[in-house]
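Enquirer:
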Amino acid sequence: MRQSTKCLAVWVTAFAFPGSINYISGLLTAFITKSPNHQRRQRRRSRQISCPIRLSVSSTSSFIDTTTSFNTTEKILFGLAASQKAATNITAAMEACDIWDDIFRKDEQDLVQAEISPQVIQLSRTLHASCLVRIGRDSEAIPIYDYCINKDCNCSSSKNENNLSLEANHNKHIIAVAQWRLSKAKCHQRLLDYSQAFMDYRDVLEEETISNVALLEQALQGAVTCALRLGNVTLAQEIFPIHHDTFKIPSPDTACLAAVIRYLHSGDRNGAVERLRSSVQQNWFLYQWILSVLQSSSENDDDNRMSDFLPISSSSTAFNETFLQLIRINMSPFDDPDLVYLDDKINLHDLLTTHSNLRSTETMVPFWPDGIILPRELNRLKEMLAEQRKSSSTTRRTTTNDDIMDNSLWILKSRAGYGSHGNQILTLSQALSKYDDRSTGGKEASNELSPVLLQRMVHPLYLLSGHKFSLRIFVVYFTLDEIYISTKGLVKLAAEPLHDHGDDDANPELATNARKHMTNSGRETSMVQYGLDFLWDDLGETRATKVWQLIRDVTSNVWLLQYPLMVTNNMQNNPMDFSTFTARRQSLGIPKILGFDFVLQNDNGELTPFLVEVNRFPGMEPRDAVDYGIKHQVVRDAWIQAAKRMDSTRSKGYVSHFVTSIPVQTSESSLQKLVLSNIDSLPSTNY
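Sequential numbering from 648 applies to the sequence shown in the numbering used here.
So, in C-alpha cells, the structure goes:
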C-alpha cells in the first residue's frame, strides 16, 4: 500500500467536513481494502481468517488476539472494526485503544516498511486519539494530536491524479491541522487546563491561511469560553476585535456571543440589547433569555416581542430539540468560573480538608472520604500502608499475596475525570507499587506525573439487592445567597452485585472489579437506575427523612461554608475587577445545575451519606424513562425559579411560555432552598 497523492486527497477530506469516528473509519477502510497489496494478502489468508470487520463486540472477547500472527494491515482493520463501534459501546472503545496501542508500539519506520502509507498512519492515529477521548484518556490523546500536527504530510509538488493543485492540497492540509488543534484544545478543556486550551484555540485563529469560517468560529467560541472559565472577561473581550472581522459576516450565534461579552466587560446594557435584537433568532433560548433580562432593565424598554413566544407541543420534534437546547445552556460559558474548585477533584479535596472548621480529625471530615494526593503525599501512603500492616498483623490470615493483606479498597481518580473513565480500584499495596515505579523512573518520568486523588472507598455500604449504588443529587445555583437542592434525584446501581463470587477478600482481582463498584452510566451500554423514591421506599419513612436531612446538611455546608472561602480568595488574587464581573454575570439570572454524588455508609444500621465528588457539567440529556421524568422536572423547576427571580426586574416571562410546557410528573417545584446547617449533627466518621 504505497503512498499516493490520491490517498492524500481523500485523507484531507475527512477533516474538511467535521465528522464522527465512523466517517474517518470509512475512509480508512477504503484506503486499505482497495490496496493491491492488501488484496493479495487477503487472498493468501482467505482460508485462514474471516473478515475482521464482521467481528462482533462483547465484554468477554477481543477484536484481536495479539498472540496470533496478524500483519499490520489486518490489525488496522481490527482497529477499524472496534473504532466504528466506539461511539456507542465503551467496551469497543477500550478494545480499539488496546489494538491501536499494539500497532503503534512499532517504530514509525517499521510501519513504513510494512507498506503502510503515512496518510493511513495519520488517520489511524487520529482514530486512536478519538477512542482514547471516548474512554476519558484525554491526556494520552494530546501527544497523538501533536504528532499529527507536526508530521510532514509530504504533499506532492505536482498535480495529483485528481488534478488537484498543490495549493488546493495545501489548503486542505491547513484545515486538517486546524481540526487536530481544535481536538487538542478540547482535550485540554476537558482536563480543566483552560489556559492551554485558550492558546490552542487562539493558534487556530491566528492561522492566516484558514478560510473555513465554521472552523474559525468554533475556535473563537472555544477561546472565549476558556477565557470566561478563567474568570478573565477582559481576555474574552480582547480576542473579538482581533478576529471578529475575519468572518466578514459572522454567524448570528457569534454576534450574540460578542454582544453578551461586551456587556459583561463594559456593563453597557443598551448596546448589548441593540446588538442582540439584530442577531437573535426566536428559537435560541439562551440569547432570547439574556435579551429579555437585559431589556427589562434597560432604558429603551419598548420591545414586547418576547411575549409573542408560544408554548411548543410536548409531542413535537421541535419541543425535543428546544429542550436539548435548554439543557445545553448548562454548558454555556456564563457560569461561575470558581466552580472549578468543586469540579476539580484535587481542588475539592483540598477545599474540604484545608479549611479546617469542618475537620473532625487531622485528615478527615465527617462527610468526605479520606484521601491522598499522589505523588504529593507518597510518603503518607507509605506510612499508612506500614501502619495498616502492623496493626493487622495479629489478625491477618495466612497468605502469600500482599495485596490480600490490605483491609480496605481505594479509588484512584484523575483531577478532571468524568463519567468514571480512568478511575481504578486499588489496594494501598497496588497504589504504592504503581507510584513507586513511576516516581523512580528518573527525573523525566517524575516530571510527567500528574497529580491524582487516591480516595478511600466508603465501607461498609448500604446495598440495594446486593448492589452498590450512588446517589446523584441535583443542585441549582444562582448566587451564594440563593442555592437550591432538588428532591428529584437518581439512584445508580453498579452493573454487578458486590458479592457474587464467594469470598472476594481472598481474590484481589474480583474484589477490585470495576463493574462491582462503578455506578456511572457512561461506563456501561445499559444501566439500571431509579428515582430517589425507590431508595426512600426501601429505607422506610423514618430513615429516609433522616438521610435526606443529612444530605441537605452536607450540601449546605459545602456550598455555604467552604465554597465561599475559595471565592473570596479568588476575588482578592484576581488582577481584574472580579466582583464587578461576577455581579454582571449573575444579573443574567442563568441557573446552573450541578450534580453532587453520594454513597451511604451502613455502620450497624446507622446510615451516613458521604459526598464522593461534584460534577459541574452533569449529563442532563435523558437516557431512559427514569432519566426523562427526573431531568425534565429538575430543568423545568430551575428555569421557573429563574423566571420568578426576574420578576423584580419586570421580566416579560419569556421562560414561562416554554418551560411550563415541559411534561413532568407534578407541577409542584422539587427545589428546596439551602440554609447553613450545623455540621456537628452529622455522625462521626467510622471506616
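Beta carbons are placed, not taken as given, at the ideal position from N, Cα and C, and that holds for glycine.
With respect to the beta strand (DSSP E) encompassing LEU1318, which residues constitute its N-terminal and C-terminal limits?
Expert: For LEU1318, the enclosing beta strand (DSSP E) covers residues 1318 to 1320.
Enquirer: In whole angstroms, give me the CA-to-CA distance for THR1074 and ILE1058.
Expert: One C-alpha to the other measures close to 8 Å.
Enquirer: Let me check one thing: in DSSP terms, what residues is HIS1114 bridge-paired to?
Expert: As computed with DSSP, HIS1114 is found in a beta bridge with LEU1111.
Enquirer: Helix or strand or just coil, what does DSSP make of SER1133?
Expert: strand
Enquirer: Are the beta-carbon atoms belonging to PHE1014 and LEU1208 less than 7 Å from one another?
Expert: no
Enquirer: Count the other C-beta atoms from every protein chain shown that fall within 10 angstroms of the C-beta of LYS1320, then say buried if there are 16 or more, exposed otherwise.
Expert: exposed
Enquirer: Could you tell me the boundaries of the alpha helix (DSSP H) in which ASP997 lies?
Expert: Looking at the DSSP string, the run of the alpha helix (DSSP H) that includes ASP997 is 992 to 1001.
Enquirer: Check the DSSP bridge columns for PHE1257 and list the partner residues they point to.
Expert: VAL1246
Enquirer: Taking the beta carbon of ALA743 as the centre, do at least 16 other beta carbons fall within 10 Å, making it buried, or is it exposed?
Expert: buried
Enquirer: Just to confirm before moving on: does the CB-CB distance between ALA728 and CYS778 stay below 7 Å?
Expert: no
Enquirer: Beta-carbon separation of GLY1236 and ARG1292 under 7 Å?
Expert: yes
Enquirer: What do you reckon, are the CB atoms on PRO1022 and TYR1082 nearer than 7 Å?
Expert: yes
Enquirer: Under 6 Å Cβ to Cβ from SER1117, same chain only, skipping five residues before and after it: list those, please.
Expert: LYS1139, THR1166, ASP1244, VAL1246
Enquirer: For a quick check, are the C-beta atoms of ASP1284 and SER1316 less than 7 Å apart?
Expert: yes
Enquirer: Counting along the chain, where does the alpha helix (DSSP H) carrying VAL1350 start and finish?
Expert: Nothing about residue 1350 can be read from this structure; the chain reaches only from 648 to 1334.
Enquirer: Could you please give the first and the last residue of the uninterrupted alpha helix (DSSP H) stretch that includes TYR934?
Expert: 932 to 943
Enquirer: Do you know whose CA, among SER1055, MET846, TYR1109, ASN797, lies nearest ALA1141's CA?
Expert: TYR1109
Enquirer: DSSP three-state label for THR969, please.
Expert: Note: THR969 maps to helix in three-state DSSP.
Enquirer: Can you give me the C-alpha to C-alpha distance between TYR1065 and ILE782, rounded to a whole angstrom?
Expert: 9 Å
Enquirer: With 16 other CB atoms within 10 Å as the buried threshold, where does LYS819 fall?
Expert: buried
Enquirer: Relative to the C-alpha of ALA919, which candidate in GLU1034, VAL907, GLN928 has its C-alpha closest?
Expert: VAL907
Enquirer: Excluding five sequence neighbours on each side, which residues of the same chain lie with their C-beta closer than 7 Å to the C-beta of SER925?
Expert: For SER925, where only same-chain residues beyond five positions count, there are no Cβ hits under 7 Å.
Enquirer: Looking at the unbroken alpha helix (DSSP H) that takes in GLY1018, where does it start and where does it end?
Expert: For GLY1018, no alpha helix (DSSP H) segment is defined; the enclosing uninterrupted segment is the beta strand (DSSP E) at 1018 to 1021.
Enquirer: According to DSSP, is PHE1121 part of a helix, a strand, or is it coil?
Expert: strand
Enquirer: Can you tell me whether GLU808 is buried or exposed? The criterion is at least 16 other CB atoms within 10 Å of its CB, across all chains shown.
Expert: With a pLDDT of only 46 at GLU808, under the threshold of 50, the placement of this residue in the model should not be trusted, and no figure is reported.
Enquirer: Out of PHE1121, THR1134, LEU1127, ASP1271, which has the shortest C-alpha to C-alpha gap to ILE1240?
Expert: Comparing alpha-carbon positions, the option among PHE1121, THR1134, LEU1127, ASP1271 lying closest to ILE1240 turns out to be PHE1121.
Enquirer: Straight-line CA distance for SER830 to TYR792?
Expert: Approximately 7 Å between the Cα atoms of the pair.
Enquirer: Using a 10 Å radius around the Cβ and a threshold of 16 neighbouring Cβ atoms, would you call ASN1314 buried or exposed?
Expert: A small correction: the amino acid at residue 1314 is Ser; Asn does not occupy that position in the sequence shown. Exposed, because fewer than 16 other Cβ atoms sit within 10 Å of the Cβ of SER1314.
Enquirer: Could you give the residue range of the beta strand (DSSP E) that holds LEU1100?
Expert: 1099 to 1103
Enquirer: Taking 6 Å as the line, does the beta carbon of ASN1204 fall inside it for any heavy atom of the ligand FAD?
Expert: Of ligands this structure carries none, so the ligand FAD is not represented either.
Enquirer: Could you tell me the alpha carbon to alpha carbon distance between ALA761 and LYS732, rounded to whole angstroms?
Expert: Each residue's Cα considered, the two are about 26 Å apart.
Enquirer: Output the distance between the C-alpha atoms of LEU1323 and TYR1131, rounded to the nearest integer angstrom.
Expert: 12 Å
Enquirer: Between the beta-carbon of GLN1176 and the beta-carbon of LEU1145, is there less than 7 Å?
Expert: no
Enquirer: Are there 16 or more other CB atoms within 10 angstroms of the CB of ASN967, so buried, or fewer, so exposed?
Expert: exposed
Enquirer: Taking the alpha carbon of ARG916 as the point to measure from, which residue in SER943, LEU1212, SER764, LEU1096 has its own alpha carbon closest?
Expert: SER943
Enquirer: Assuming contact is defined by CB atoms lying nearer than 7 Å, are GLY869 and TYR841 in contact in what I supplied?
Expert: no
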